[in-house]
Structures are given as C-alpha cells and as structure tokens.
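J.:
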Amino acid sequence: MALNQWTRNQKLIRWVEEQIALCQPAKVHLCDGSAEEFDAIAALMVANGSLIPLKKRPHSFRCHTHPDDVARVEECTFICTKNMEDAGPTNNWHDPQLMKKKLQSLFANCMRGRTMYVIPYCMGPIGSPYARLGVEITDSPYVVLNMQIMTRMGADALKHLTGDFVPGLHSVGRPLNPGEKDGPWPCNLDHRVIAHFPEESSIYSFGSGYGGNALLGKKCFALRIASALGQKEGWLAEHMLILGLTPPEGQKIYIAASFPSACGKTNLAMLTPSLPGWRVECLGDDIAWMHRGADGRLYAINPEAGFFGVAPGTSMRTNPNAMKTIGHHTIFTNVAATEDGDVWWEGIGFSPPEKLISWRGVPWNPSEEIPAAHPNSRFTVSAKQCPIYSSDMENPQGVPISAILVGARRHSVMPLVAESFHWNHGVFLGASISSETTAASSGQVGYLRHDPFAMLPFCGYHMGDYFAHWVEMGQRLKHPPRIYSVNWFRRGVDGQFLWPGFGENIRVLKWIYERVAGRGGAVHSPIGLMPSFDSIDCGNLSVPFEPLFSVDRNEWQKEVQELESYFQLFGSRFPDSLAHELRQLKQRICE
Ligand code: OXD
Ligand code: MN
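Residue 1 is where the sequence shown starts when you use our numbering, and the numbers rise one by one after that.
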C-alpha cells in the first residue's frame, strides 16, 4: 500500500519518507496490527530460525538474542537537551546537534537488504484524553511482534494519528549486502545508542535488539519522553505498577507502586492474597501515567497493553497468575528450552529435565553452574491474558489512586513498611530510595545505588526538577494519595529473608488499606509511621516483628550522611522542601 493511501497525516508521511531515504530498506511494511500480520511475521522468523514455536504452549515462541545484547545499556542511553544542565547529573547528556549528526551517519543505509516496518501505536486506551500516539520505524520483526503485544498498535491507532506523534527510529544496525544471509541475531554492539530528544519528543535507537532498548513505546517513550512531557504539562509518568485492592467487605481502592527493575513489580501487580476474601486486580506491572482529576484526586492509566516480565523466579508459588498468563500466545526471550518444546528457567518451581537447551541455544551443562535461562530473560504477553486482568485498565479516565508505594531491594536498614507523615515527606521517601542492582541493566548486579522513585534510568530531565515537580503535584491535589516506603528484601543476621513476600504481601496491603480508610493503627518512628504490633495482620505467620521494623540509629546516621552528599548532586534544583525533610530526619535520628 502506498503511504498516502495508508494515512493522510502529512507530518507522518514526510517523516516516513525521510527515514526511507536515510535508511534505504529493501522493502517497507506499513503495519496494521492484525492477527494475520502477526502470524505472517512470526512465520517469516520461524522460517529463518530466529523464532522457535513451542509445542507445549499454543501460539507461543522462544527466541535468543545475541549473548551481549540481553539488557538495557544505560551507558549508551542519552538525553539530548540544548542545555546540558537540563538533562541533570543522573543522565548521560549529549549535544542534540552533534548527536543528530552522529545518528545521521549511523542510520545512513542501515536497513539495506532488510524490511522497514512502520508501526503506529497508542500508549494508553485509544481515545483516552491521557493517551499519546507514537510511530516506531524498525527493521526488527521481533520488535513488531512485541510492540503488537505491548501497545495498542496498528489500524486503530493509525485512525487517531491525525496530528502530532512521537517519532521513534530503531535499527539493529546491520545492513545486508546483496546475497548476504542474515546472522542469527543481528545487532551492532559497538555502536549502540539510545538517544532521546525531550525538547522535540523524538527517539532514535541504534544497534540493540533488546526489548528495553528497542521497543520504543516502553522505556523511551512512556518513561523518558513522557516524564519530560509530564513536567511541562503537569502530570507524572512513573515506573509504577497499578493494582486494584478489594477487602472481603468494602470498597475497592487503587494503588500504584514503584520498584526498580526486576524487584517484584509484576509479582505484586498479580498478587494472589494469602488472606481469605481479599482480592487483587492487575491494571499494569511497569508504568503509570498519573493526572490530577477534576475532583482533586490523582488518576492513573497504564500506557501499556502487555507485560514484558522477568521470567526467572516466576513460579506457581511466587506468581501463579503470571504462570497462568503465559500459558499461550507468549513470546519468551532468552529462557531455556526443554526437548519436548517447552520453556524452563531458574526458580520456575521444578527441577530441569535431563536435557535442556540453554538461553544461548546450546545444550546446557548444569555442572558449569551457569544459569540455563538468562537472569534477565523475559516473557511478552498481553495483559488481557492475566486471570486477574481488570477491565479498569481500559477506563479512559484512569483510576483514582489512594496509596503510592515506593519500594526498594535493601538487605538492611529499610523496614518492611513505613507511611510518610505527609505528601512532601512521601516525596522525600521516594527521592531517598536506594536499591541493589539487578540483571535488568547491563553491569554489576547486587551493588547499592541511589534510584529515586525507581526512575534513575528513566527520568528524561533533571532529577532535581523531577523532585520539585512531585512536590508541586501534591500542592495541586485536593486529596493526595498517601505515600509508603516498602522493602520485602530485608535479611536477618543469618542472611535469610525476614519476610516471606509474594502472596503474604497482602498483609502489608491490608494495613495500608486500613490506614487509607482511617482505621489502621500506627506508631511514630524517626523515619515514618509504622504498623503497631497488633495492627498488621500476621495471622499465624511466624515472622520476627522487631527486626523487620527496627530503625537502627547508627545505620540511619550513615544513611542520612549518604543522602546529604547524594542530594548535593542536584545543586540549586534540589527543592528546599526536601532539604527541610532531610534536616528533620537528621534531627529525629539524632534525638
Ligand atoms: C523493564 C525494566 O523491562 O525496568 O521493565 O528494565
Ligand atoms: Mn521496568
């Protein structure tokens, strides 16, 4: 189909024509998002060996990436603002003009011999006043399939694409010479660049095929570009799950929760409560866009339509709803495979069969002690397949948020849960988050780094301005949600986790529910309000209350010192109100 039959949007036509001229693809495929299109692209990939159908799961596939292209690459991710200051000290900055020059040369002829796919998509329910449109151009068929699951992609989105949109250009960066056969997983590791231009809301990603770098609707648009748009326009784009919580008797509330990558957002979003009568519904596991509603409450939509979840550790014990979600119509990336056509990963809840293909596509040898599945291996699946999917996810107005959780992975210091004294103190809790790193990003795993609101890799502007924006949002809300810090990962002196987590996390949600309802008991501590011994329903769980909630003054003095030096990074853009919260904390700790 010709471009001008596909759309009348002149800006879109011009932009696509320019990218064709630049990238010189052999073919152009204008995506319609249909099931037939999915099947045809999947069939092409199966034929060239890059996708392998799974006999045991209907309409599901597995694939492997290049062994060095398995996670987000923060060192290759750039925020390009005219003024270096505006990207802030936590982002890699690049001069936009120089970056554009570099990109022009990287993308020139980069799709030679390949098909260019043009993907119109919508982040958020189509027609919602809060949804935004984007178009991704890519030469990766894997990206097309994943975008079809992760976003509202294709003809419906195109119908709404009459005006502005966020353009995103992606290439694996490996042109094919005439007669040259494609490699098993094309990428261009030495020239990876993921560049964001928040001042013109555009994205360029070169050289990587990994989801977080290549599915441009997700981290690039829905977090980095959207957070910058939100700052300008008065809303928030956050690295947060959204869930609905209904008690045995009583009204449903909605909760948003941020945790760094691979720290249990999907598990919490799909929680199976251990307490009878409680119900959790899932509205999203990774991203929330939050606006002030006309009633002065904070409303959230999930801009995504699917889950790009971490596979290892997912089992019938830890997340039965995820296991049921991925029984069919799922793409698995970098998991291990069984001989009989199924998948396997560490922590799946049963031993590996005798013969296994590792995520590298070769027979796995357990004695080598290398994981069979990559620690950041993923499943891509539609949210609608989740047994506790909530149709509230399609509500164009979003859902009112009663509580926000800011979580971290900390083996010590941070208690299981603490409620902020007020909004600004809650923002301070979010700004103070540090967490142990995981395999979701390339680099060392398990070291503690500051990760405010789990947004360190995703904030598209100066983090100091981001804190100020949160403070201002609170001022504009008549009924701001309560804010809680949570930590499921504290360990005892024996190195064991103190809290069982997963389905038992409902006990913490129950306390939060009761606090929001104005009933739950709490005691004052220097760092926030904590459950009193009898106000958190531990039933017959044998958990040690004291070590879960203790606030060690020595540890906290060090924490305060660390925060004092970290917050200096943000200079004059660090809000006075948060500096005040830090001074107050210091006083309370030293009292
Ligand atoms: C993700 C991530 O993929 O945070 O969601 O890395
Ligand atoms: Mn994430």
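By construction, the Cβ of each residue, glycine as well, lies at the ideal position given by its N, Cα and C atoms.
Mind pulling the alpha helix (DSSP H) runs of 4 or more residues that sit fully within the segment 296–355?
T.: As far as the segment 296–355 is concerned, its whole alpha helix (DSSP H) runs of at least 4 residues are 320–325.
J.: With DSSP collapsed to three states, give me the class of His479.
T.: DSSP places His479 in coil when its eight states are reduced to three.
J.: Could you compute how far the alpha carbon of Lys232 sits from the alpha carbon of Ser202?
T.: Answer to the nearest angstrom: the Cα atoms are 16 Å apart.
J.: Hey, could you find the ends of the alpha helix (DSSP H) Ile279 is sitting in?
T.: According to the sequence displayed, residue 279 carries Arg and not Ile. No alpha helix (DSSP H) holds Arg279; the beta strand (DSSP E) holding it covers Arg279 to Gly284.
J.: Between which two residues does the beta strand (DSSP E) holding Leu241 run?
T.: It spans Met240 to Thr246 - the beta strand (DSSP E) in which Leu241 sits, taken as one unbroken run.
J.: Just to confirm my understanding: we take Leu103, look at its own chain, exclude 5 residues before and 5 after, and list those with CB closer than 6 Å. What are they?
T.: Within the same chain, Leu103 has close Cβ partners Tyr204.
J.: For Asn146, which three-state DSSP category applies?
T.: DSSP places Asn146 in helix when its eight states are reduced to three.
J.: Pick from Gly127, Ser105, Thr266 and His64: whose alpha carbon is nearest that of Pro184?
T.: Considering only alpha carbons, the answer is His64.
J.: Looking only at its own chain, which residues have a Cβ that is under 6 Å from the Cβ of Thr138, when we skip the five neighbours before and after it?
T.: Correct list, in chain order: Tyr117 and His170.
J.: Pick helix, strand or coil for Tyr447, following the three-state DSSP scheme.
T.: Here Tyr447 sits in coil by DSSP.
J.: Alpha carbon to alpha carbon, what distance is there between Ser60 and Asn9?
T.: Answer to the nearest angstrom: the Cα atoms are 35 Å apart.
J.: Taking just the CA atoms, how far does Lys586 sit from Ala383?
T.: Cα to Cα, Ala383 sits roughly 43 Å from Lys586.
J.: Within the same chain, show all residues whose beta-carbon is closer than 8 Å to that of Pro544, passing over the 5 residues directly before and after it, in chain order.
T.: Same-chain partners within the cutoff: Gly492 and Leu498.
J.: Under the criterion of a Cβ to heavy atom distance below 8 Å, does Asp286 qualify as lining ligand 1?
T.: Yes - ligand 1 has a heavy atom lying nearer than 8 Å to the Cβ of Asp286.
J.: Would the beta-carbon of Tyr121 fall within 9 Å of that of Trp235?
T.: No, they are not a contact pair.
J.: Please name the residue or residues paired with Ala594 in a DSSP beta bridge.
T.: The structure shown does not extend to residue 594, since the chain spans only 1 to 591, so no value can be given for it.
J.: Which residue wins for smallest C-alpha separation from Tyr389, given the options Arg279, Ala40 and Met316?
T.: Checked all of Arg279, Ala40 and Met316; the closest Cα to Tyr389 is Arg279.
J.: Under a three-way DSSP split, which group does Trp364 fall into?
T.: Here Trp364 sits in coil by DSSP.
J.: Figure out for me which residue from Ser525, Gln584, Arg515 and Asp39 has the closest Cα to the Cα of Ile255.
T.: With distances taken between Cα atoms, Ile255 lies closest to Arg515.
J.: Can you tell me where the beta strand (DSSP E) holding Asn105 begins and where it ends?
T.: With the sequence shown as reference, residue 105 is identified as Ser, and Asn is not the correct amino acid for it. Run containing Ser105: none in the beta strand (DSSP E); it sits in the alpha helix (DSSP H), Pro96 to Phe107.
J.: Going by other Cβ atoms of all chains shown within 10 Å of its Cβ, with 16 needed for buried, is Ser485 buried or exposed?
T.: Its Cβ being crowded by 16 or more others within 10 Å, Ser485 is buried.
J.: Give me the Cβ distance between Glu581 and Asn334, rounded to the nearest whole Å; I'm assuming they're in contact under 8 Å.
T.: Actually they do not touch by this definition, with Cβ atoms about 41 Å apart.
J.: Just to confirm, is the Cβ distance from Ala403 to Cys263 under 9 Å?
T.: No; because the gap between Cβ atoms is not below 9 Å, this pair is not in contact.
J.: Excluding the 5 residues preceding and the 5 following Pro125 in the sequence, name in chain order all residues of the same chain whose CB lies nearer than 8 Å to its CB.
T.: Cβ neighbours of Pro125 beyond the five flanking positions: Ala131, Arg152, Ile301, Met393, Glu394, Asn395 and Pro396.
J.: Between the Cα of Asp156 and those of Leu54, Val143 and Leu133, spot the shortest distance and give me the residue it belongs to.
T.: When only C-alpha atoms are compared, the closest one is Leu133.
J.: Using three-state DSSP, classify Trp499 as helix, strand or coil.
T.: Trp499: coil per DSSP, three-state reduction.
J.: Determine the direct distance from the alpha carbon of Ile79 to that of Pro363, and round the result to whole angstroms.
T.: Going from the Cα of Pro363 to the Cα of Ile79 covers about 41 Å.
J.: In three-state terms, what does DSSP make of His66?
T.: The answer is coil: DSSP assigns His66 none of H, G, I, E or B.
J.: In this structure, how does DSSP classify Trp359 when only helix, strand and coil are distinguished?
T.: The answer is coil: DSSP assigns Trp359 none of H, G, I, E or B.
J.: To the nearest angstrom, how far is the alpha carbon of Gly277 from that of Pro481?
T.: For Gly277 and Pro481, the distance between alpha carbons rounds to 24 Å.
J.: Going by C-alpha to C-alpha distance, which of Asn83, Val445, Cys282 and Met463 sits closest to Ser391?
T.: Out of Asn83, Val445, Cys282 and Met463, Cys282 has the C-alpha closest to the C-alpha of Ser391.
J.: In chain order, what residues of the same chain lie with their CB nearer than 6 Å to the CB of Ala454, ignoring the 5 residues before and after it?
T.: Closer than 6 Å at Cβ, skipping near neighbours: His239, Ser258, Phe259 and Pro260.
J.: Is His239 near ligand 2, in the sense that its beta carbon is under 8 Å from a heavy atom of that ligand?
T.: For ligand 2, at least one heavy atom lies less than 8 Å from the Cβ of His239.
J.: By Cβ distance below 8 Å, which residues in the same chain neighbour Glu504 in space, the five residues on each side in sequence not counted?
T.: Excluding residues within five positions, the ones whose Cβ falls inside 8 Å are Ser274 and Leu541.
J.: Going by CA-CA distance only, name the one from Leu44, Lys478 and Asn188 that's closest to Asp295.
T.: Of the listed residues, the one whose Cα sits closest to Asp295 is Lys478.
J.: Name, in chain order, the residues that DSSP records as bridge partners for Pro400.
T.: Beta-bridge pairing links Pro400 to Tyr299.
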